[in-house]
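Colleague: Right, I'll just put the structure down here and ask away after.
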Amino acid sequence: MKYIIANWKCNKNEDATDEWVHYLFESKVVEQAHGLTVVLLPSFLYLRQLWGRVEGLHLGVQTVSPYPNGAYTGAVSALQAAQWAEFVMLGHAERRKYFAETDQVVSQQVRQALEAKLTPIIAVDQHNWAKQLSLLDVDELKSCIVMYEPPEAISSGGGEAVDLNQVVPAIEQLKAEFKVKAVLYGGSVSAKNIATYLKHPSIDGVVPGAASLDPSEFIDLVRTAHAAVNQKTS
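For the numbering used here, count along the sequence shown from 1 and bump the result up by 12.
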């Protein structure tokens, strides 16, 4: 099973969300995507709107509070998110850059997520992953997915996808150092390159960002991924 984690970031309003999910529902692409776990990370605001609308589509959130329920103005706790979500992205480079999230904060978020029965997707980069994961113990990491995303590859920052020959050694090194549930690649993933990544046995999935915003482009991406995964395993 390979993962596709669609990260919308801070995009879309209610109408655009409804249009996107309508196109996805009509296409039937997710329910026919055998061998894939397709996860959408929308804004918190639209979790309820999306929940149950497309068969086979899993939902997640882009962050959670490092604190439990309580007097934390403006926060959304892992327990609150878990009412509609199954996954949570944590430690993304943009969260670290714009919201000053540290390794300590991310480790607290991971623990809150695990207590709420959410699956954490922890973002790391090659030069810092030992430090980024060092505050989590072996048992915690076994329940986590890790996303390897070089900051220079983030599409919203003008980056480009990293060559497979660079990605694979990095992911294999990460897997050798840490026992985690899965390791994904993120960074300018599109319908044009998704098959290249998913066909490699060391890569457990991908995290498209910008390519997930347009419904037609995302449908094409999932179809391409389905063909690649099933060709590989046939």
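Even for Gly, the Cβ is constructed at its ideal location relative to N, Cα and C.
Just to confirm, is the Cβ distance from aspartate 216 to tyrosine 15 under 8 Å?
Modeller: It is a contact, given that the beta carbons lie within the stated cut-off.
Colleague: Taking 8 Å as the cut-off, decide whether the C-beta atoms of tyrosine 160 and isoleucine 134 are in contact.
Modeller: For tyrosine 160 and isoleucine 134, no; Cβs fall outside 8 Å.
Colleague: Can you tell me whether lysine 21 is helix, strand or coil according to DSSP?
Modeller: DSSP places lysine 21 in coil when its eight states are reduced to three.
Colleague: What is the DSSP secondary structure of threonine 245, counted as helix, strand or coil?
Modeller: Any answer about threonine 245 is weak, because its pLDDT of 48 lies below 50 and its placement is not dependable; what the coordinates show is given next. Note: threonine 245 maps to helix in three-state DSSP.
Colleague: Among the candidates Arg107, Trp96, Val234 and Val158, whose CA atom is the shortest distance from the CA of leucine 59?
Modeller: Out of Arg107, Trp96, Val234 and Val158, Trp96 has the C-alpha closest to the C-alpha of leucine 59.
Colleague: With a threshold of 16 other CB atoms inside 10 Å of the CB of serine 224, please say whether the residue is buried or exposed.
Modeller: With 16 or more other Cβ atoms within 10 Å, it is buried.
Colleague: If we count Cβ pairs, one from each stretch, closer than 8 Å, do we get three or more for the stretch 92-107 versus the stretch 125-140?
Modeller: Yes, the stretch 92-107 touches the stretch 125-140.
Colleague: Looking only at its chain, what residues have a beta carbon closer than 7 Å to the beta carbon of phenylalanine 37, apart from the 5 residues adjacent to it on each side?
Modeller: Closer than 7 Å at the Cβ level, and outside the excluded window around phenylalanine 37, lie Arg65 and Val66.
Colleague: Are the CB atoms of valine 122 and isoleucine 157 within a distance shorter than 8 Å?
Modeller: The answer is no: Cβ separation not under 8 Å.
Colleague: Around the C-beta of alanine 112, are 16 or more other C-beta atoms found within 10 angstroms, so that it is buried, or is it exposed?
Modeller: That one is exposed.
Colleague: If you draw a straight line from the alpha carbon of serine 228 to that of methionine 101, how long is it in whole angstroms?
Modeller: Cα to Cα, the separation comes out at about 24 Å.
Colleague: With DSSP as the reference, please indicate the residues paired to threonine 131 in a beta bridge.
Modeller: Its beta-bridge partners are Phe99.
Colleague: So isoleucine 91 is in the alpha helix (DSSP H); what residue range does that whole segment cover?
Modeller: This sequence places leucine at residue 91; isoleucine is not what is there. Looking at the DSSP string, the run of the alpha helix (DSSP H) that includes leucine 91 is 90-93.
Colleague: I need the boundaries of the beta strand (DSSP E) containing tyrosine 197, first residue and last residue.
Modeller: It spans 194-198 - the beta strand (DSSP E) in which tyrosine 197 sits, taken as one unbroken run.
Colleague: Among Gln178, Leu176 and Gly103, which one has its Cα closest to the Cα of glutamine 144?
Modeller: That would be Gly103, whose Cα lies nearest to the Cα of glutamine 144.
Colleague: Nearest to serine 202 by CA position, among Val180, Pro181, Arg235 and Ala188, is which residue?
Modeller: Of the candidates Val180, Pro181, Arg235 and Ala188, the one whose C-alpha sits nearest the C-alpha of serine 202 is Arg235.
Colleague: Out of Asp175, Phe190 and Lys21, point me to the one whose CA is closest to alanine 105's CA.
Modeller: Checked all of Asp175, Phe190 and Lys21; the closest Cα to alanine 105 is Lys21.
Colleague: Taking 7 Å as the limit between beta carbons, can you name the residues of its chain near proline 162, skipping five residues before and five after?
Modeller: Contacts found: Asp137, Gln138, Val174 and Gly199.
Colleague: Assign asparagine 177 to buried or exposed, taking buried as 16 or more other Cβ atoms, counted over all protein chains shown, within 10 Å of its Cβ.
Modeller: Classification of asparagine 177: exposed, given that the 10 Å Cβ count is below 16.
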